[in-house]
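In order, the protein sequence lines correspond to chains A and B. According to the numbering used here, the residues represented by the first sequence are 48 to 158, in order. According to the numbering used here, the residues represented by the second sequence are 187 to 298, in order. Take a look at the structure below.
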Amino acid sequence: RKEVEQDPGPFNVPEGATVAFNCTYSNSASQSFFWYRQDCRKEPKLLMSVYSSGNEDGRFTAQLNRASQYISLLIRDSKLSDSATYLCVVIANTNAGKSTFGDGTTLTVKP
Amino acid sequence: DAGITQSPRYKITETGRQVTLMCHQTWSHSYMFWYRQDLGHGLRLIYYSAAADITDKGEVPDGYVVSRSKTENFPLTLESATRSQTSVYFCASRGQGNTEAFFGQGTRLTVV
């Protein structure tokens, strides 16, 4: 079983739709969580950190559920420009400080 | 300029040749990482380093060698390139603590 798992999708949604991705992690000692965005095999870029209390950045909302060991990303009012692969990242102190990436979920927003 | 840079951006080499991919960061980040990403797949960790002179294997280290004599540099060497090592290679760095990682622009390596 992978340490970090994501539904690969693809998710195909119309513009304006709301879409949610989940990411599960297996290491209960995980402490830090992030969502990254990757466009067409370019370098991944930080989208947002995920805080215990949940956090929002414009149309994007991230949630953490420690009990069930998953994080989520909600995108409201999807834009064409949101089409990308979304990667979740987990850091656990017991893992020698490694940043462990999920394989990503691909989102395509269609007109 | 501040940041993390990789060189070369593109490289074509022949099977059996030794190839070194360079990675340089200007933030004095403690952690540095090398990932490979094959077409249609996720990132796979090759090697990482928690500090100068400290390196450790990731998921797919076979056929690769790294060194970290200086904090800012983390070169990745393919000792004898094989076609299966054709991939996009990303270097990343991260500061102390559980902070986000920053990626270089990647090196597209083709082994023929």
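For glycine and all other residues, C-beta sits at the position ideal for the given N, C-alpha and C. Quick caveat: nothing in here was measured; it's all calculated off a predicted structure.
Residue i - DSSP class collapsed to helix/strand/coil
i	result
Gln-271 of chain B	helix
Asp-104 of chain A	strand
Ser-79 of chain A	strand
Leu-231 of chain B	strand
Asn-74 of chain A	coil
Leu-207 of chain B	strand
Asp-242 of chain B	strand
Leu-262 of chain B	strand
Below-7 Å beta-carbon distance, residue i vs any chain A residue
i	result
Gln-291 of chain B	yes
Asn-259 of chain B	no
Beta-carbon proximity of residue i to residue j, cut-off 7 Å
i	j	result
Glu-50 of chain A	Phe-289 of chain B	no
Tyr-133 of chain A	Thr-147 of chain A	no
Glu-258 of chain B	His-210 of chain B	yes
Tyr-217 of chain B	Ile-232 of chain B	no
Asn-284 of chain B	Gln-78 of chain A	yes
Closer than 7 Å at the beta carbon, the chain A residues around residue i
i	result
Val-298 of chain B	Within chain A, no residue comes near Val-298 of chain B; the closest Cβ sits about 20 Å away, beyond 7 Å.
Arg-195 of chain B	Within 7 Å Cβ-Cβ: nothing; Arg-195 of chain B doesn't reach chain A, min ~11 Å.
Glu-286 of chain B	Phe-81, Leu-93 and Ser-96
Test: residue i CB closer than 7 Å to a CB of chain B
i	result
Asp-150 of chain A	yes
Ile-118 of chain A	no
Gly-144 of chain A	yes
Gln-110 of chain A	no
Neighbouring residues, chain A, relative to residue i (Cβ below 9 Å)
i	result
Arg-280 of chain B	Ile-138, Gly-144 and Ser-146
Residues that residue i contacts on chain A, provided the C-beta gap is smaller than 8 Å
i	result
Val-274 of chain B	Arg-88
Residue-level contact to chain D via CB, residue i, 7 Å cutoff
i	result
Glu-245 of chain B	As a matter of chain content, chain D is missing from the structure shown, whose protein chains are A and B.
### Message
Please list, in chain order, the residues of the stretch 217-247 of chain B that have any C-beta partner in chain A closer than 8 Å.
### Response
Per Cβ criterion, the list reads Tyr-217, Phe-219, Tyr-221, Gln-223, Leu-225, His-227, Gly-228, Leu-229, Leu-231, Tyr-234, Ala-236, Asp-242 and Gly-244.
### Query
In chain order, what residues of the stretch 82-102 of chain A put their CB closer than 9 Å to some CB of chain B?
Tyr-83, Gln-85, Arg-88, Lys-89, Glu-90, Pro-91, Lys-92, Leu-93 and Ser-96
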